[in-house]
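Residue numbers (the working numbering): 51 to 484.
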Amino acid sequence: MQSTTAKIRNLAAAIIGNALEWYDFLVFAFMTPIISTLFFPTPAADGSAGSELNSILLMTAIFGVGFFMRPIGGVILGLYADRKGRKAAMVLVTGMMAVSLALIAFAPTYQAVGILAPLLVLTARLMQGFSAGGEFGTATALLIEMAPPGKRGFYGSWQMTGQMIGLVLGASAGALMTALFSQAEIEAWAWRIPFIFGLVIIPVAVYIRRKLDETEVFKQTKQQQRNEGGKTAVWPTLRAAWREIFIGIGLVAAATVTVYITFTYLVTYSVKVLGLTLEQAFQAQLVGAVWVVLLTPLFGLLSDKIGRRKILTLSLGAFLLLIYPLYAWLSGAPSAEKLIAVQLIAGVCAAAFFAVFSTVMAGLFPPQVRGLGLALSYNTAVLLIGGFAQFIVTWLIQQTGSPLSPAYYVMFGLGLGFISALLLGKRADRESEQ
51 MQSTTAKIRN
61 LAAAIIGNAL
71 EWYDFLVFAF
81 MTPIISTLFF
91 PTPAADGSAG
101 SELNSILLMT
111 AIFGVGFFMR
121 PIGGVILGLY
131 ADRKGRKAAM
141 VLVTGMMAVS
151 LALIAFAPTY
161 QAVGILAPLL
171 VLTARLMQGF
181 SAGGEFGTAT
191 ALLIEMAPPG
201 KRGFYGSWQM
211 TGQMIGLVLG
221 ASAGALMTAL
231 FSQAEIEAWA
241 WRIPFIFGLV
251 IIPVAVYIRR
261 KLDETEVFKQ
271 TKQQQRNEGG
281 KTAVWPTLRA
291 AWREIFIGIG
301 LVAAATVTVY
311 ITFTYLVTYS
321 VKVLGLTLEQ
331 AFQAQLVGAV
341 WVVLLTPLFG
351 LLSDKIGRRK
361 ILTLSLGAFL
371 LLIYPLYAWL
381 SGAPSAEKLI
391 AVQLIAGVCA
401 AAFFAVFSTV
411 MAGLFPPQVR
421 GLGLALSYNT
431 AVLLIGGFAQ
441 FIVTWLIQQT
451 GSPLSPAYYV
461 MFGLGLGFIS
471 ALLLGKRADR
481 ESEQ
């Protein structure tokens with residue numbers, strides 16, 4: 051058994067490393083309204099809304115392309131995590147993310163090198179997608195497997211808390227950048243600062259992840275496999291869990307529209323559609339993200355006492371009912387105060403859902419295929435629902451002129467999650483096998 055000190059160290063390392071991974075991954079999305087014209091200038095130079103949306107469409111398409119690599123990375127890195135260990139996979143993921151981040155941080159603009167500029171960004175996004183594909187499964191497996199009995203809800207809640215800490219870091223970087231530099235300075239060079247910051251702290255993430263202790267669950271599983279004289283039949287085991295995979299995909303659909311539309315797309319939407327300033331958008335995003343970070347572990351603790359099923363169904367149901375009225379109220383007469391209020395209200399639903407999401411997902415699969423099973427469910431849903439979410443929503447706004455387009459898409463993802471929660475039923479309250 052691990053000592054309390056070792057568990058605390060592992061928990062802290064998993065949280066910090068996960069936050070840094072998602073900072074790197076999400077900061078690209080935050081910078082879309084700033085750098086879209088630097089890498090994808092449109093033929094129209096009139097500065098019209100249509101011209102700006104065309105640039106954003108191209109940039110969000112590149113953001114989405116990276117998601118095609120996530121299932122591939124999820125399978126390869128998930129298998130690696132199940133065979134070599136959670137620690138080894140997490141160190142590898144962080145190193146790969148560093149390479150892709152460097153490509154973006156130092157990429158020349160279209161004006162400097164022409165078509166090579168978007169090609170470099172595309173290459174970086176493909177690498178980023180591959181490495182991020184292995185993050186959720188390995189980090190979730192690590193957190194759940196190190197949790198003491200009766201505390202898996204609290205431990206599991208730190209998976210999504212770590213992601214939201216990454217969002218806080220990204221929003222903080224954006225807010226500071228807009229406060230310290232002029233628009234001309236940002237477009238000329240300051241947009242690179244958030245990427246360079248992430249690159250500088252990557253070695254910290256690698257170091258703390260190398261200090262992780264492998265989980266006892268993984269060690270026991272590997273020892274059992276050796277005693278039985280062979281490896282686990284991975285694919286037959288997963289085929290037997292096809293229903294769990296589809297339930298997982300539905301739950302991830304709800305999570306991914308929440309992260310990539312309700313929080314990440316917020317900056318682009320607020321500036322280009324609602325007409326708010328970039329500073330107001332980053333400030334609202336920061337407030338919302340901090341709110342979710344504070345609430346999620348508390349809901350995780352609550353789930354260990356009252357069960358995860360109640361929190362799962364109530365949070366998704368409430369979110370599904372509230373999202374359209376919130377967007378309608380905000381878009382009717384946009385203001386910074388309304389934007390913050392929407393983030394706070396939506397944040398309560400999101401935090402409750404995030405608190406139980408990872409623990410419920412981990413309970414769907416046995417330890418010997420947990421990394422791969424989580425990666426398959428998670429990355430398939432992210433590819434199908436989340437990868438091009440920003441592109442689809444931007445296109446819908448452009449075609450329909452409706453500022454409520456994001457609400458419709460979020461409702462679609464939340465609906466899939468709510469159906470999955472109903473199908474899961476009482477199994478949402480069960481502990482994972484180990």
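From the three backbone atoms N, C-alpha and C, an ideal C-beta is built for every residue, glycine too.
Beta-carbon contacts of residue i that lie in its chain and below 6 Å, excluding the five residues immediately before and after
i	result
Glu329	Thr228
Gly436	Thr306, Tyr310
Tyr130	Ala139
Leu474	Ile297
Tyr374	Ala457
Leu108	Phe90
Glu185	Glu71, Val143
Leu446	Ser455
Cα-Cα separation between residue i and residue j, rounded to whole angstroms
i	j	result
Gln448	Pro456	12 Å
Tyr459	Val143	30 Å
Thr55	Gly128	27 Å
Arg259	Asn68	10 Å
Tyr73	Thr318	17 Å
Val342	Gly357	20 Å
Val254	Ala383	44 Å
Val163	Thr444	28 Å
Gly203	Gln233	44 Å
Phe89	Met196	44 Å
Phe468	Val309	16 Å
Phe403	Thr82	27 Å
Met214	Val410	18 Å
Leu422	Val125	6 Å
Leu169	Glu235	24 Å
Leu472	Gly465	11 Å
Arg289	Ile295	9 Å
Leu351	Thr87	45 Å
Ser381	Thr450	15 Å
Leu424	Gly463	18 Å
Ser181	Ser408	19 Å
Within 8 Å, strictly: CB atoms of residue i and residue j
i	j	result
Ser353	Val406	yes
Val291	Ala431	Sequence inspection shows Ala at residue 291; the Val mentioned does not correspond to that position. Result no, Cβ atoms of Ala291 and Ala431 do not sit closer than 8 Å.
Arg242	Ala331	no
Gly187	Ile122	no
Gly220	Pro244	yes
Gln333	Ala225	yes
Leu362	Gln335	no
Leu193	Ala64	yes
Ala439	Ile311	yes
Phe117	Leu364	no
Ala167	Ala157	yes
Arg120	Gly200	no
Val77	Gly300	no
Pro198	Leu324	no
Arg420	Ala191	yes
Ile84	Glu237	yes
Asn60	Leu262	yes
Ser320	Leu426	no
Sequence-distant residues of its chain with Cβ nearer than 8 Å to residue i (five each side left out)
i	result
Phe231	Ala240
Leu376	Val392, Ile395, Ala396, Ala457
Ala99	For Ala99, the predicted model reports a pLDDT of 47, less than 50, meaning its position is unreliable and no value from the coordinates is stated.
Ile489	Limits of the chain in this structure are 51 at one end and 484 at the other, which puts residue 489 out of reach.
Ala476	Looking at the sequence itself, residue 476 is Lys, so the reference to Ala does not match. Around Lys476: Arg359.
Ile58	none
Same chain, Cβ closer than 7 Å to residue i, five either side skipped, listed in chain order
i	result
Phe313	Leu217, Gln335, Gly338, Ala339
Glu264	Gly135, Arg136, Lys137
Cys399	Ser365, Ala368, Phe369, Leu372
Met177	Met146, Val149, Ser150
Val141	Val256, Arg259, Arg260
Gly97	Summary for Gly97: the model assigns pLDDT 49, below 50, so the residue's position carries little reliability; its value from the coordinates is reported in the next sentence. Closer than 7 Å at Cβ, skipping near neighbours: no residue.
Heavy atom of the ligand GTP within 7 Å of residue i beta-carbon
i	result
Arg136	Within the structure as shown, the ligand GTP is missing, as the structure has no ligands at all.
Minimum Cβ-Cβ distance from residue i to chain D less than 8 Å
i	result
Ser232	Of the protein chains in this structure there is only one, and it is not chain D.
(message) Assess contact between the segment 339-354 and the segment 200-208, defined as three or more Cβ pairs (one per stretch) separated by less than 8 Å. Is contact present?
(response) yes
(request) Take every Cβ of the segment 380-396, pair it with every Cβ of the segment 137-153, and state whether three or more of those distances are shorter than 8 Å. (result) no
(message) Can you confirm whether the segment 407-420 touches the segment 157-174 when touching is taken to mean that 3 or more C-beta pairs between the two stretches lie within less than 8 Å?
(response) With a cut-off of 8 Å, the segment 407-420 and the segment 157-174 do not count as touching, because too few Cβ pairs lie within range.
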